[in-house]
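Beneath this line is the structure, given in structure tokens, with notes to follow.
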Amino acid sequence: MGFMYILRCSDGSYYVGSTRDIDARLRQHQCGEGAQYTKRRRPVELVYCLPCESVVQAFWWEKKVQKWGRAKREALIRGELELLPELSKKTFDRE
Numbered sequence: 048m049g050f051m052y053i054l055r056c057s058d059g060s061y062y063v064g065s066t067r068d069i070d071a072r073l074r075q076h077q078c079g080e081g082a083q084y085t086k087r088r089r090p091v092e093l094v095y096c097l098p099c100e101s102v103v104q105a106f107w108w109e110k111k112v113q114k115w116g117r118a119k120r121e122a123l124i125r126g127e128l129e130l131l132p133e134l135s136k137k138t139f140d141r142e
């Protein structure tokens, strides 16, 4: 079993990670023992957690969501999955 998760940091930014033990990992982030990114942005809040069949699958989701923009991450957090395809489209400024 594994988990892909999103944390909202104290500065409003998001951190995406994966783990085998979500409770232990969240405690690490809160204590400043998690990633360097969250260490400087505490406290953090767990805003999304996706249970996965394996930590490999969770890591795959982590890498996928890390490439997403803020709007797409926030749609996922809100559970508005129907918005994800539209938010995936690239827009080009043509004049």
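142 is the number that this note's numbering gives the last residue of the sequence shown; the numbers go up by one with no jumps. We put the beta carbon where it would ideally sit given N, CA and C, even for glycine.
CA nearest to the CA of residue i, picked from the options
{"i": "G93", "options": "Y61, E129, G49 and L134", "result": "The question names Gly, but residue 93 in the sequence shown is Leu. Nearest C-alpha to L93: Y61."}
{"i": "Q77", "options": "R67, R89 and D70", "result": "R89"}
Contact check, residue i vs residue j, beta carbons under 9 Å
{"i": "G64", "j": "G81", "result": "yes"}
{"i": "V102", "j": "R67", "result": "yes"}
{"i": "Y95", "j": "I53", "result": "yes"}
{"i": "L134", "j": "K119", "result": "yes"}
Burial state of residue i (16 or more Cβ within 10 Å)
{"i": "A105", "result": "buried"}
{"i": "M51", "result": "buried"}
{"i": "L131", "result": "exposed"}
{"i": "G49", "result": "buried"}
{"i": "E109", "result": "buried"}
{"i": "I124", "result": "exposed"}
{"i": "R87", "result": "exposed"}
{"i": "R74", "result": "exposed"}
{"i": "R117", "result": "exposed"}
Chain B contact for residue i (CB, 9 Å cutoff)
{"i": "M48", "result": "The question asks about chain B, but that chain is absent: this structure has only one protein chain."}
Complete runs of the alpha helix (DSSP H) confined to the stretch 103–138 [at least 4 residues]:
117–125 and 131–135
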